[in-house]
Structure formats: C-alpha cells, structure tokens
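Heads up, the sequence shown stops at 341 in the UniProt record's numbering, and the numbers go up one at a time, no gaps.
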Amino acid sequence: MKHENLLRGKTVALALSGGGAKGAYQVGMMKALYEAGLDRSKLWLSGTSIGAMNAVYLACHNLETLREMFYAFDRSAGHETVPVTPFDVVGKAREDVVAGRVTLEEFLNEKRFYAMDPAPLLEYYRETLPDELLEHNSVPVEVCCYSLIARRPVHFRLNGLPAEEQRMLVLASGSLPYVFPPVRYHGDVLLDGGVVPEILFHERKTGHKSGGPDESGRTENAELQRRISVGGAAETPAPHEKIPVPAMCEMLEEENVCADWLIGAFLNLYDEVGRPKEGADGVCRRYRELRPSVPLEESPGSGTLDFSPEKLDSHEKLGYEDTVRFLCSFVSEQAMGTCGY
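(1) List the endpoints of the continuous beta strand (DSSP E) containing F156.
(2) Ignoring anything shorter than 3 residues or poking outside the stretch 255-280, list the beta strand (DSSP E) runs there in chain order.
(3) Could you work out which residue in T85, E35, V141 and A59 is closest to V111 when comparing CA atoms only?
(4) Assuming G19 and L305 are in contact, meaning their beta carbons sit under 8 Å apart, how far apart are those beta carbons, in whole angstroms?
(5) Let me confirm a value: N5 is counted as buried when at least 16 other C-beta atoms fall within 10 Å, else exposed. Which label applies?
(6) I need the boundaries of the beta strand (DSSP E) containing T48, first residue and last residue.
(7) Hey, S147 and V154 are a contact pair by Cβ (cut 8 Å); roughly how many whole angstroms apart?
(8) From this set, E278, F330, D88 and P120, which residue's C-alpha is nearest residue 349's C-alpha?
(9) Is the stretch 118-132 touching the stretch 32-49, taking contact as three or more C-beta pairs under 8 Å?
(10) Using the C-alpha atoms, what's the distance from L108 back to A265?
(11) Should T103 and G194 be called a contact, given that it needs their Cβ atoms to be closer than 7 Å?
(12) To the nearest angstrom, how far is it from the Cα of S293 to the Cα of D322?
(13) Quick one: what's got a C-beta closer than 7 Å to K42's C-beta in the same chain, skipping five residues either side?
(14) Quick one: measure Cβ to Cβ for S17 and P244, integer angstroms, because I've assumed they're closer than 8 Å.
(15) Would you kindly report the start and end of the unbroken beta strand (DSSP E) that includes L16?
(16) Quick one: is D281 buried, meaning 16 or more other Cβ sit within 10 Å of its Cβ, or exposed?
(17) Report the CB separation of V170 from Y125 in whole angstroms; it is logged as a contact under 8 Å.
Below, the structure written as structure tokens:
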C-alpha cells in the first residue's frame, strides 16, 4: 500500500468532531490510519459528542470494539428503541422551552423534555469500559461537553478521573438535547458538546431577589429557577468553541508536546476552526483537516440518529476511502519534496 508506514513512529494527535451516527466515518478513517502505521502508544485524542465516544474507545480498545459500539448504540438508543417519551410530546415540550415557559429545574427533572433513557447506553459503557481499563489508560483523552451553567463548551481531561466520572462525561458529551437528559456533574449541568444549544436562561420574575424566601417562606435556587428560552445567533458560542482542535492544542501545549501530525477530523462540511501554529516551535509539525468527500447528511443536522447498519457501513467505507486518498496525497507531496516534512 502506498501509505503504509507513513505514520510509523510518529506522534499523532486526533481531534474528532461530533455528528452522531455519522461518526462511523471515523471508524473507516482509523482503519486507514492504522494501516499507515499509527501506534496507539503515540496517540493523543480529543473529541466532541460521538467523537468523544470514539476517542475513549480508541484509547482503550481495538478497532473492532469501536465498530461494535455503533451497533450497540443502535440497540440501546437508536431508531428501533421505544422512546420513554413519545416524540410528539417532546416536540410540545420543546415549544414550551422556545416560549420561555420552563425553568431549568423542570428541564432537568421532567421526562417530557427527552425521548430516550440513557441507562442502557451507560450500562453498555460500564460493561465495555470497566474501571480497571479506564483508570489504567495511558492514552491522553479529552472530551467536550456543553455547560448549561457556564453557557459555553467546556473540556475535560479524562485521565486520572475515577472511572464512573469518565463514563458520565462521555455520556454527557453525547447527550443530544431533547433526545437524552442533561447530565449533572459536580454542580454543573452538561449536554452534548457538539451542539451549540439555543437554550438561554432568564431569572424568574417572583417579586423578590433570587435566593431569598418567597411568600411561603421557601428559598429558591437561583440557578435552577431560571427560565429557559431560545436565543438568537448573537448569544451562541462561536462554532470553533465546540470543535476539539483548540482543546487538543491546549493539551499538547500544557504537556510541552509537539505532535508530528495533528489531524482535525470533521464530519460536517460546514464546521470550521482556526489553524494551529505549525513547525518545531508550535504544537504540531503538520496540521491537516480531513472531511468527507461526499456530504454524510442530506441537509445540515440530518442523519444524526440514523444508526441503521446500511448507513453505518456506508459512512465507514467512505471514511476509509477518503483517508487513504488523504494519506496518499501526502506521500505524493513527500515524493515531490513539497510537503516540508
């Protein structure tokens, strides 16, 4: 193979973006990268949403286990699973959010705001990502979630955390609003890191200061009694804040590591991020972006929950073919002396 041994002995950092079922594209990508000599002991990983799930399985398992995770996701939370709340009920609840008629406390505790029970998926994580495996993982992994309290994407380094916390953060990173409930974590409330929620919070008008007693003598929790509504584009974070490339750069810089390759693996053609500094005095010698040659969705945001075997196989096949072309193009640059590497 033309790309064989291209990555042998190289330190490779992968920033894996989110996209639900479209993440099977990254399974095919990894097959090609392993063919090119990728060594897991020299791998650095950051991920958002399905990219976070892929990252932790890549750190702890072989490629076949990662592939199986997608089919398990289909069985646990995919299109054939009976929802805990009918989708039409969730749709009406979402209208209440849009209208600003819902408190954060209600959003967190009422089943009408999410369709799927995350318990089967979490149990699968416990079975396939046991404590010993997570707590002894030496591959650096960072995941992105969206904080409803901070109202921005936040990043967590998994290494060194208790195993159950690692699993909960991976679950939170993929907790798509209105599909799964938010995850409570050390006083924070976390959702899917790959989605920029249009959920905003406004102080509830009660006629008294937040946190003080009301007419009945009860004390309100200022955070939980905020009302939630839908905000305009000016209120949402910049797209790059939910893409794990900057977080990977920070992790490499903190560890004083210059990766031979930093690859931004995007699942959506419209995702963008600023290029990191390249060269011996940067965080990487070479930064490249890998995107699907053919859109994985018919329209922006579609296909996220289509975990049908046919779609997964198609995404994986395209991911492999695109990555082989991606690597071979670099081999050609080397041969012509134009890659600077």
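Using N, Cα and C, we set each Cβ at its ideal position, and we do this for glycine too.
Looking at the atomic coordinates:
(1) Here residue 156 is taken as the residue at index 156 of the sequence shown, counted from 1. Residues R152 to R157.
(2) 261-265
(3) Translated into positions along the sequence shown, residue 111 becomes position 111. Rather than Val, the amino acid found at residue 111 in this sequence is Lys. Among T85, E35, V141 and A59, the Cα nearest to that of K111 is on T85.
(4) By one-based count along the sequence shown, residue 19 stands at place 19. By one-based count along the sequence shown, residue 305 stands at place 305. Not really, about 11 Å apart at Cβ, beyond 8 Å.
(5) Reading the sequence shown from its first residue, position 5 is the one you call residue 5. Flag for N5 reads exposed.
(6) If you number the sequence shown from 1, residue 48 lands on position 48. Its beta strand (DSSP E) spans residues L43 to T48.
(7) Stepping through the sequence shown from its first residue, residue 147 is reached at position 147. Stepping through the sequence shown from its first residue, residue 154 is reached at position 154. Confirmed, about 5 Å.
(8) Outside the displayed range of the chain (1 to 341) lies residue 349, so it cannot be described from this structure.
(9) no
(10) Position 265 of the sequence shown, counting from 1, holds the residue named residue 265. Position 108 of the sequence shown, counting from 1, holds the residue named residue 108. Answer to the nearest angstrom: the Cα atoms are 32 Å apart.
(11) Within the sequence shown, residue 103 is the residue found at index 103, counting from 1. Within the sequence shown, residue 194 is the residue found at index 194, counting from 1. No, they are not a contact pair.
(12) In the sequence shown, the residue the question calls residue 293 occupies position 293. In the sequence shown, the residue the question calls residue 322 occupies position 322. Distance between the alpha carbons of S293 and D322 is about 7 Å.
(13) Taking the first residue of the sequence shown as position 1, residue 42 is located at position 42. These residues qualify, in order along the chain: K10, T11 and V12.
(14) Here residue 17 corresponds to residue number 17 of the sequence shown, with the count starting at 1. Here residue 244 corresponds to residue number 244 of the sequence shown, with the count starting at 1. That pair is a contact at about 7 Å.
(15) As a first step, residue 16 is located in the sequence shown; it is residue number 16 there, counting from the start. Element bounds for L16: V12 to L16.
(16) Along the sequence shown, read from residue 1 onward, the residue named residue 281 stands at position 281. Answer is exposed; the Cβ neighbour count stays below 16.
(17) Translated into positions along the sequence shown, residue 170 becomes position 170. Translated into positions along the sequence shown, residue 125 becomes position 125. Indeed, because the Cβ distance is near 7 Å, the residues count as touching under 8 Å.
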